[in-house]
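One structure is given here, and the rest of the page talks about it.
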Amino acid sequence: MWKPEHRVAADRRCLRYPSDLIDAEWALVSPFIPPARRGGRKRSVDVREVLNAIFYVLATGCQWNALPKDLPPKSTAHFYLMLWDWDGTLERIHDALYVAVRESAGREASPTVAIIDSQSAKAAQKGAARLIRRASTRARRSRAASATSLSTRSASCSA
Numbered sequence: 026m027w028k029p030e031h032r033v034a035a036d037r038r039c040l041r042y043p044s045d046l047i048d049a050e051w052a053l054v055s056p057f058i059p060p061a062r063r064g065g066r067k068r069s070v071d072v073r074e075v076l077n078a079i080f081y082v083l084a085t086g087c088q089w090n091a092l093p094k095d096l097p098p099k100s101t102a103h104f105y106l107m108l109w110d111w112d113g114t115l116e117r118i119h120d121a122l123y124v125a126v127r128e129s130a131g132r133e134a135s136p137t138v139a140i141i142d143s144q145s146a147k148a149a150q151k152g153a154a155r156l157i158r159r160a161s162t163r164a165r166r167s168r169a170a171s172a173t174s175l176s177t178r179s180a181s182c183s184a
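Put into structure tokens, the structure is as follows:
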């Protein structure tokens, strides 16, 4: 239920883009961003702006080429997205935020009950892409049905 304090927290009109991180969100996420590598040049990109660029693409659904000019270049934002996916940073951020949201709602950090229906279990075992492909192709006759019809046909033709 939306309460006045929720509306104030969700108000994003003061931001440059609605997908930009506010200071409180950045404070939650920043500890999980790995530091720059040792021994190389100092990091010249603002990592918060990189996250803003990634969130902009995710929120708007635009192509990387359509990133506004005041955000980091598409190559930089995409590089960091792939790097953080590869090294597990995105998963760590997701897990930490998931636990924080559950605890703030007064729930245990990890769920104790899960509901899976039989269709979901079947799709997970076999692979959804395969099921979609099968459903979109034309139904074929089974070999058993064609053998029955051939034997019936040959019996009626020989009589």
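When the sequence shown is numbered by our numbering, its final residue is 184 and no position is left out of the sequence of numbers. Heads up, the beta-carbon is just placed ideally off N, CA and C, and yes, glycines get one too. In this text the structure is predicted, and so the values were computed from the model without any measurement.
From the DSSP output, in three-state form, read off residue i for me.
i, result
"residue 108", "helix"
"residue 42", "coil"
"residue 56", "helix"
"residue 70", "coil"
"residue 27", "coil"
"residue 133", "coil"
"residue 95", "coil"
"residue 61", "coil"
"residue 141", "coil"
"residue 48", "helix"
"residue 37", "coil"
Give the single residue among the options whose Cα lies nearest to the Cα of residue i.
i, options, result
"residue 74", "116, 106 and 110", "106"
"residue 120", "135, 29, 108 and 51", "135"
"residue 76", "123, 52 and 138", "52"
"residue 50", "67, 126, 28 and 109", "126"
"residue 108", "65, 72, 132 and 143", "72"
Can you give me the Cβ contacts of residue i inside the same chain, cut-off strictly under 7 Å, excluding the 5 residues immediately before and after it?
i, result
"residue 81", "42, 44, 92 and 96"
"residue 78", "92, 96, 97 and 102"
"residue 70", "97 and 101"
"residue 118", "54 and 57"
Report back the beta-carbon spacing between residue i and residue j to the nearest angstrom; my notes put them in contact at under 8 Å.
i, j, result
"residue 54", "residue 46", "7 Å"
Any heavy atom of the ligand GDP closer than 7 Å to the Cβ of residue i?
i, result
"residue 52", "This structure does not include the ligand GDP; it has no bound ligands of any sort."
Going by beta carbon distance, what residues of the same chain come within less than 6 Å of residue i, once the five residues before and after it are set aside?
i, result
"residue 84", "44"
Among the residues of its own chain, which have a CB less than 8 Å from the CB of residue i, if the five just before and after it don't count?
i, result
"residue 128", "134"
Taking contact to mean at least 3 C-beta pairs separated by less than 8 Å, is the segment 32–45 in contact with the segment 97–113?
-> no
How about the segment 53–62 and the segment 114–121: do they share at least three Cβ pairs that are nearer than 8 Å?
-> yes
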